[in-house]
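Number of protein chains: 2
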Amino acid sequence: MTIPWETLKQQLGDKLRFGESIRNAHAKDESYHEPHVPDAVAYPEETEDVVALAQFAHEHRIPLVAYGAGSGLEGQAIPVRGGISVDFSRMNRILEVRPDDFLVCVEPGVTRQQLNDALRPYGLMFPVDPGANASLGGMAATNASGTTAVRYGPMKANVRKLEVVLADGRVVEIGTLAAKSSSGYNLVELFVGSEGTLGLFTKLWLRVYGVPEATLAASAEFQTVGEAVNAVCMLIGSGLQLTRCELVTKPYIEIINRQFDTDYAPAPTLFLELSGSQAAVQADMATVEDLLRDAGAVRVATVMDERARQKLWHARHNAAYALMRTYPGLSHLSTDVCVPMSKLPEAVDVAEMWIERLGIRGGIVGHVGDGNFHVSLMVNPSDPDDLGRAYELSHHLVEYAISVGGTCTGEHGVGLGKMKYQKKEHGEALTLMQDIKRLLDPDDLLNPGKLVDGIA
Amino acid sequence: MTIPWETLKQQLGDKLRFGESIRNAHAKDESYHEPHVPDAVAYPEETEDVVALAQFAHEHRIPLVAYGAGSGLEGQAIPVRGGISVDFSRMNRILEVRPDDFLVCVEPGVTRQQLNDALRPYGLMFPVDPGANASLGGMAATNASGTTAVRYGPMKANVRKLEVVLADGRVVEIGTLAAKSSSGYNLVELFVGSEGTLGLFTKLWLRVYGVPEATLAASAEFQTVGEAVNAVCMLIGSGLQLTRCELVTKPYIEIINRQFDTDYAPAPTLFLELSGSQAAVQADMATVEDLLRDAGAVRVATVMDERARQKLWHARHNAAYALMRTYPGLSHLSTDVCVPMSKLPEAVDVAEMWIERLGIRGGIVGHVGDGNFHVSLMVNPSDPDDLGRAYELSHHLVEYAISVGGTCTGEHGVGLGKMKYQKKEHGEALTLMQDIKRLLDPDDLLNPGKLVDGIA
Numbered sequence: 001m002t003i004p005w006e007t008l009k010q011q012l013g014d015k016l017r018f019g020e021s022i023r024n025a026h027a028k029d030e031s032y033h034e035p036h037v038p039d040a041v042a043y044p045e046e047t048e049d050v051v052a053l054a055q056f057a058h059e060h061r062i063p064l065v066a067y068g069a070g071s072g073l074e075g076q077a078i079p080v081r082g083g084i085s086v087d088f089s090r091m092n093r094i095l096e097v098r099p100d101d102f103l104v105c106v107e108p109g110v111t112r113q114q115l116n117d118a119l120r121p122y123g124l125m126f127p128v129d130p131g132a133n134a135s136l137g138g139m140a141a142t143n144a145s146g147t148t149a150v151r152y153g154p155m156k157a158n159v160r161k162l163e164v165v166l167a168d169g170r171v172v173e174i175g176t177l178a179a180k181s182s183s184g185y186n187l188v189e190l191f192v193g194s195e196g197t198l199g200l201f202t203k204l205w206l207r208v209y210g211v212p213e214a215t216l217a218a219s220a221e222f223q224t225v226g227e228a229v230n231a232v233c234m235l236i237g238s239g240l241q242l243t244r245c246e247l248v249t250k251p252y253i254e255i256i257n258r259q260f261d262t263d264y265a266p267a268p269t270l271f272l273e274l275s276g277s278q279a280a281v282q283a284d285m286a287t288v289e290d291l292l293r294d295a296g297a298v299r300v301a302t303v304m305d306e307r308a309r310q311k312l313w314h315a316r317h318n319a320a321y322a323l324m325r326t327y328p329g330l331s332h333l334s335t336d337v338c339v340p341m342s343k344l345p346e347a348v349d350v351a352e353m354w355i356e357r358l359g360i361r362g363g364i365v366g367h368v369g370d371g372n373f374h375v376s377l378m379v380n381p382s383d384p385d386d387l388g389r390a391y392e393l394s395h396h397l398v399e400y401a402i403s404v405g406g407t408c409t410g411e412h413g414v415g416l417g418k419m420k421y422q423k424k425e426h427g428e429a430l431t432l433m434q435d436i437k438r439l440l441d442p443d444d445l446l447n448p449g450k451l452v453d454g455i456a
Numbered sequence: 001m002t003i004p005w006e007t008l009k010q011q012l013g014d015k016l017r018f019g020e021s022i023r024n025a026h027a028k029d030e031s032y033h034e035p036h037v038p039d040a041v042a043y044p045e046e047t048e049d050v051v052a053l054a055q056f057a058h059e060h061r062i063p064l065v066a067y068g069a070g071s072g073l074e075g076q077a078i079p080v081r082g083g084i085s086v087d088f089s090r091m092n093r094i095l096e097v098r099p100d101d102f103l104v105c106v107e108p109g110v111t112r113q114q115l116n117d118a119l120r121p122y123g124l125m126f127p128v129d130p131g132a133n134a135s136l137g138g139m140a141a142t143n144a145s146g147t148t149a150v151r152y153g154p155m156k157a158n159v160r161k162l163e164v165v166l167a168d169g170r171v172v173e174i175g176t177l178a179a180k181s182s183s184g185y186n187l188v189e190l191f192v193g194s195e196g197t198l199g200l201f202t203k204l205w206l207r208v209y210g211v212p213e214a215t216l217a218a219s220a221e222f223q224t225v226g227e228a229v230n231a232v233c234m235l236i237g238s239g240l241q242l243t244r245c246e247l248v249t250k251p252y253i254e255i256i257n258r259q260f261d262t263d264y265a266p267a268p269t270l271f272l273e274l275s276g277s278q279a280a281v282q283a284d285m286a287t288v289e290d291l292l293r294d295a296g297a298v299r300v301a302t303v304m305d306e307r308a309r310q311k312l313w314h315a316r317h318n319a320a321y322a323l324m325r326t327y328p329g330l331s332h333l334s335t336d337v338c339v340p341m342s343k344l345p346e347a348v349d350v351a352e353m354w355i356e357r358l359g360i361r362g363g364i365v366g367h368v369g370d371g372n373f374h375v376s377l378m379v380n381p382s383d384p385d386d387l388g389r390a391y392e393l394s395h396h397l398v399e400y401a402i403s404v405g406g407t408c409t410g411e412h413g414v415g416l417g418k419m420k421y422q423k424k425e426h427g428e429a430l431t432l433m434q435d436i437k438r439l440l441d442p443d444d445l446l447n448p449g450k451l452v453d454g455i456a
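Chain order of the listed sequences is H and E.
Residues 1 to 456 in the UniProt record's numbering are what the first sequence spells out, letter by letter.
Residues 1 to 456 in the UniProt record's numbering are what the second sequence spells out, letter by letter.
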């Protein structure tokens, strides 16, 4: 079948591109899944352009695959069956800031940092931080989270309303601007995390927050990962509200020290953050110190000044880059299971055991307040054995996580890498998900071959 | 068609009842919607009983309507097309408490207070508090919330996993025990708030929280509702974490004073609560006092001792009962819109204007941190004019709320009373909801005639 591209070209003009370099640039994301070149790349500038794309795709049975910042880690943006890569980078306007409602309305191509720059004059911030300067549309599509989820939740807790273009070109608004609602079905959460398989987001209304008056940080070293995790349980159980709560294991600490000129003791270490009013945070930090020592911390260092705090989080945030610099020429691959808190020490044991047994280069960092952790692995992507060992480690971790009631992905999403675990994790519920996919996208045109695609 | 009840009776024995008084007791909830008597009442004791009910209902095309504690305010439990009322009161076991995971697994008939009693020895609590001692299954079905939602969110933020019996008798588990996940579609939120129209919950895994070390309260009087709401915006914008944040308007304060021997000044009053570590809460309360005074509070009274705090919240929680005692012989009816914060002063103006114009007896209380407020009305349910005026007030408020991007129900749910606003609020998205209903319940047997039922 010949696709009458000229029809679409007439509608979209230079917003539709076919050049090889542009198409190649949309063949992959930051993952190590095999690239696949789209037939065309579209740069919509408004909702109507997306509607035109959907109508054309619907009429001619062409896949549409959303593309945000390309920072995905599981191949969500790879157009595995060709079609049109819909690059939202030109839909990058912040349409409305409503400071009194703690709400913003943005287009999907707005990035996290762009939004925070725009919010700063209002004393507001958008807290979800996956590390990369991802697009907010992409973050919503994968239900991204990161270091601050322990306080502010993942994307699904912070998307209040969406404008979505459906597979047949219909435009729907789902959700309201109210802080809570018991009206109708909760469709916003159904679309958040759907990885472009149910619809394309064209506007997002997001919850934003006042910047706390004060933020303090601390690091605490433990003899074992188990002790560190127990300490976190005690902190959370005490009703204290942590803003960040990260675990870095010993090998990773050594790498960080080498790369960032820090002198953390080589031990499982918690990096913590509290925020709120100046007086409250100082008072809470004293409580945190006491609790950490009671829980067996070998050393607790509180970080009271802002420069030192920035340095601490710089080290944590850039841990993966430290690893990359340690192994030049290799590429980075990350696992992403999330388990019930009580299973975290055992999960880390499982990870360390397989790292040693398989002889792979990697370090463990974890959003320990959520039970979510990553093994950052350095692999040679052109060496099938090396990649194979990395996948084997990930496989053992996923099997463990699902066996204890956890999930194969805490924040990176399913994409291509975690499709094979959907049946095991969701059981009969996967059938429901596939039914919903068929209902909303009967011709399988929206990011086909992903997420709940029929792998039984 | 004759229904072969004896087949079902053989399976369920005395768990299936036909007595008139039992059936009459399941004909209504606490709302003023017209009762409808079910053909039978079932008291399942385990998931398999619910499966038997669903299979029988499916085979013989009989409606199944879930019944929790009967404390609903919008008629969700009324079997408007007859069939079987499924009373979950015998499925009231707390199946598992996992303190280290901050999780519990309960059956749907467990009540909020029952759960909190069981959690107390662990130093844990389940914070969602709709006022009534509702069943947790019912609370999940309506996405209930209440005074603590400003900190802990509504039910959908606190249900992590569900076991659901579908219309055809299939049992699915949706969600995981992990604190966050980006795996598959977010079906938990789709089922939470679905009011028994998509499936029957048979197990719920809920998030629980450590009891904070200290809790302090304050009240603050303002000259106008607008000033009070602006003060709340300042508090939230400062990054302070409020645990409760309630507004009571002047007429209601007068009623509370009369009934509870309190001496609040007759003015729009905020009731606030902070919780956390002792030192932090005391420090924050000082900040709160300053901010409230800066925002124009005429008087701020902090409540430092526990008895006084209990008294304060007793008055707020029982405000509706104070109103009832003020108008003996009349019945209570509550509106429930939720608007973006900035629209709250105008919404309260609209409410006060219509209260006066229609000449009805009522007071306004609001979960002002969420933009959700109720007009509590005292009506004579056997006087159509009186009821008509109450519905007229509710109608004007809903129209206003939807016009400013809010919702027709913040926490009571749709049931029968808010069905007529679903099209206006959700627009084309209602079609999606109806499609999902048809997908999951093609024979329209699960709570038929509710929520998204085809009223265009």
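For each residue, glycine too, the CB sits at the ideal point set by N, CA and C.
Pairwise C-alpha distance: residue j and residue i
| i | j | result |
| --- | --- | --- |
| V128(H) | A157(H) | 10 Å |
| K15(H) | P38(H) | 15 Å |
| G13(E) | E189(H) | 40 Å |
| R438(H) | S89(H) | 28 Å |
| E59(H) | P4(H) | 11 Å |
| E20(E) | N380(E) | 27 Å |
| V298(E) | Q223(E) | 7 Å |
| F201(E) | M155(E) | 14 Å |
| P212(H) | D101(H) | 17 Å |
| G369(H) | V232(H) | 7 Å |
| residue 458(E) | F191(H) | Given a span of 1 to 456 for chain E in the structure shown, any question on residue 458(E) remains unanswerable. |
| E273(H) | G153(H) | 15 Å |
| H36(H) | G83(H) | 10 Å |
| E6(E) | D441(E) | 25 Å |
| G196(H) | G138(E) | 33 Å |
| G226(H) | R81(E) | 56 Å |
Proximal chain E residues relative to residue i, where beta-carbon distance stays under 8 Å
| i | result |
| --- | --- |
| Y209(H) | G239 |
| E192(H) | The question names Glu, yet the displayed sequence has Val at residue 192(H). Simply N186. |
| V232(H) | Result: empty, since nearest Cβ-Cβ is about 10 Å, beyond 8 Å. |
| M255(H) | Sequence check: residue 255(H) is Ile here, not Met. The contacting residues do not exist; I255(H) stays about 26 Å from chain E at best. |
Contact set between residue i and chain H, taken where Cβ atoms lie within less than 8 Å
| i | result |
| --- | --- |
| Q422(E) | S183 and G184 |
| A157(E) | G153 and A157 |
| M304(E) | None at all; the shortest Cβ gap to chain H is about 16 Å. |
| C408(E) | S183 |
| I3(E) | Simply none; closest approach about 28 Å. |
Contact test: residue i Cβ vs the ligand ATP heavy atom, cutoff 7 Å
| i | result |
| --- | --- |
| P268(E) | The ligand ATP is absent from the structure shown, which contains no ligands of any kind. |
Residue i: contacting residues in chain E (beta-carbon distance under 9 Å)
| i | result |
| --- | --- |
| E425(H) | T176, S181, S183 and G184 |
| D39(H) | Here the premise fails: no neighbours, minimum Cβ distance about 28 Å. |
| D370(H) | A178, A179 and K180 |
Amino acids of chain H, ordered along the chain, whose beta-carbon sits closer than 7 Å to that of residue i
| i | result |
| --- | --- |
| L416(E) | The premise fails here: L416(E) is roughly 13 Å from chain H at the closest Cβ pair, so nothing lies under 7 Å. |
| I236(E) | F102 and G210 |
| V339(E) | A178 |
Under 7 Å from the C-beta of residue i: neighbouring residues of chain E
| i | result |
| --- | --- |
| P212(H) | G239 |
Whole-angstrom C-beta distance between residue j and residue i, which should lie under 8 Å
| i | j | result |
| --- | --- | --- |
| L291(E) | M234(E) | 5 Å |
| A42(E) | N133(E) | 22 Å between Cβ atoms; not a contact. |
- Message: Quick test of the definition: if touching needs 3 or more C-beta pairs under 8 Å, does the region 204-222 of chain H touch the region 421-437 of chain E?
- Response: no
Taking 8 Å as the threshold, find out whether the region 180-196 of chain H comes into contact with the region 242-254 of chain H through three or more Cβ pairs.
no
Inspect the CB distances between the region 381-390 of chain E and the region 111-120 of chain E and report whether three or more fall short of 8 Å.
no
- Item | Three or more C-beta pairs below 8 Å linking the region 47-59 of chain H and the region 157-172 of chain H | yes
TODO: Assess, as a yes-or-no matter, whether the region 394-401 of chain H is touched by the region 131-143 of chain H under the definition of 3 or more beta carbon pairs within less than 8 Å.
DONE: no
_Any 3 or more C-beta pairs closer than 8 Å across the region 265-284 of chain H and the region 251-261 of chain E_ = no
> What are the complete beta strand (DSSP E) segments, minimum 3 residues, inside the region 57-88 of chain E?
Replying inline: 64-67 and 84-87
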